[in-house]
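See below for the structure under consideration.
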Amino acid sequence: MNQNHKLRVAVLASGRGSNLQALIDSCRSGEVDARVILVISDNPAARALELARKNSIPATVIEAKGYHSRHEFNTALADAVERSGADLVCLAGFMRVLSEAFLERFNGMIINIHPSLLPSFPGLNAQKQALEHGVKVTGCTVHWVDRGVDTGSIILQDCVKVEPDDTVETLSQRILKQEHVIYPKAVQLIASGAVKAPVR
Ligand code: GRF
Numbered sequence: 001m002n003q004n005h006k007l008r009v010a011v012l013a014s015g016r017g018s019n020l021q022a023l024i025d026s027c028r029s030g031e032v033d034a035r036v037i038l039v040i041s042d043n044p045a046a047r048a049l050e051l052a053r054k055n056s057i058p059a060t061v062i063e064a065k066g067y068h069s070r071h072e073f074n075t076a077l078a079d080a081v082e083r084s085g086a087d088l089v090c091l092a093g094f095m096r097v098l099s100e101a102f103l104e105r106f107n108g109m110i111i112n113i114h115p116s117l118l119p120s121f122p123g124l125n126a127q128k129q130a131l132e133h134g135v136k137v138t139g140c141t142v143h144w145v146d147r148g149v150d151t152g153s154i155i156l157q158d159c160v161k162v163e164p165d166d167t168v169e170t171l172s173q174r175i176l177k178q179e180h181v182i183y184p185k186a187v188q189l190i191a192s193g194a195v196k197a198p199v200r
């Protein structure tokens with residue numbers, strides 16, 4: 001990573017984009033010493049794209065259906081990230097598992113946010129899984145992305161109490177609030193050099 005410039009962050013998002021907005025806001029306020037320089041979505045209807053445009057951040061759609069194979073789709077994603085000159089790739093509700101080739105090209109440069117205290121409840125519907133297991137505390141995790149699904153080494157976590165009358169919606173809302181706190185913090189830990197990608 002070039003230490004002479006602000007950390008350049010590319011965000012990959014498939015949907016609502018609230019974590020994207022939290023990252024943009026924290027960079028703008030100076031809380032995070034980084035800049036969101038590109039937003040990529042695989043979903044043309046993603047609100048994340050609208051947010052990027054509203055914030056004058058270049059946004060691009062790369063749809064899986066536009067490519068013959070997963071490999072070609074991942075190559076297109078990787079080419080776009082590389083062209084942007086990003087130092088860090090933040091997955092923020094990106095609903096596709098990146099290929100090994102993508103991970104190789106950006107080794108030690110990809111992080112993700114997940115709505116549970118990993119390693120509990122990886123994968124989809126983490127908040128529902130937490131409620132079904134009857135855990136009394138759950139939370140959110142920012143982690144490095146490796147070949148597994150939500151298995152990479154953990155950068156930051158925060159916990160959220162499960163209330164007796166919680167539904168998936170109410171619990172998800174409270175976890176999301178914490179996500180918006182820890183994702184920028186994790187990016188700042190990387191921007192400041194306090195946290196480095198695990199060597200493999
Ligand atoms: C968040 O709950 C995040 O933890 C998960 O996907 C959701 C994305 O939400 N990976 P948003 O698009 O950032 O609002």
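For the sequence shown, my numbering gives the first residue as 1, with consecutive numbering after it.
Think of the CB as a built atom: it goes at the ideal place given N, C-alpha and C, for glycine as much as any other residue.
For clarity, every value in this text was computed on a predicted model and none was experimentally measured.
Query                                                                                      : Result
Beta carbon of SER116 nearer than 8 Å to that of THR138                                    : yes
Counterpart residues of VAL61 in DSSP-defined beta bridges                                 : SER41
Exposure label - SER69; buried when at least 16 CB within 10 Å                             : exposed
GLY30 beta carbon near ligand 1 (any heavy atom closer than 7 Å)                           : no
Collapsed DSSP secondary structure at ASP158 in the structure displayed                    : strand
Span of the beta strand (DSSP E), counted from its first residue to its last, around ALA10 : 7–12
Collapsed DSSP secondary structure at GLY197 in the structure displayed                    : Gly is not the amino acid found at residue 197; the sequence shown has Ala there. In the structure shown, ALA197 sits in coil (DSSP, three-state: anything other than H, G, I, E or B).
Range of the contiguous beta strand (DSSP E) that encloses ASN112                          : 110–114
Presumed contact (8 Å Cβ cut-off) between ILE62 and ALA76, rounded CB distance             : 5 Å
Any non-hydrogen atom of ligand 1 within 7 Å of SER120 CB                                  : no
Proximity test, CYS140 beta-carbon vs ligand 1 heavy atom, cut-off 7 Å                     : yes
HIS68 (DSSP reduced to helix, strand or coil)                                              : coil
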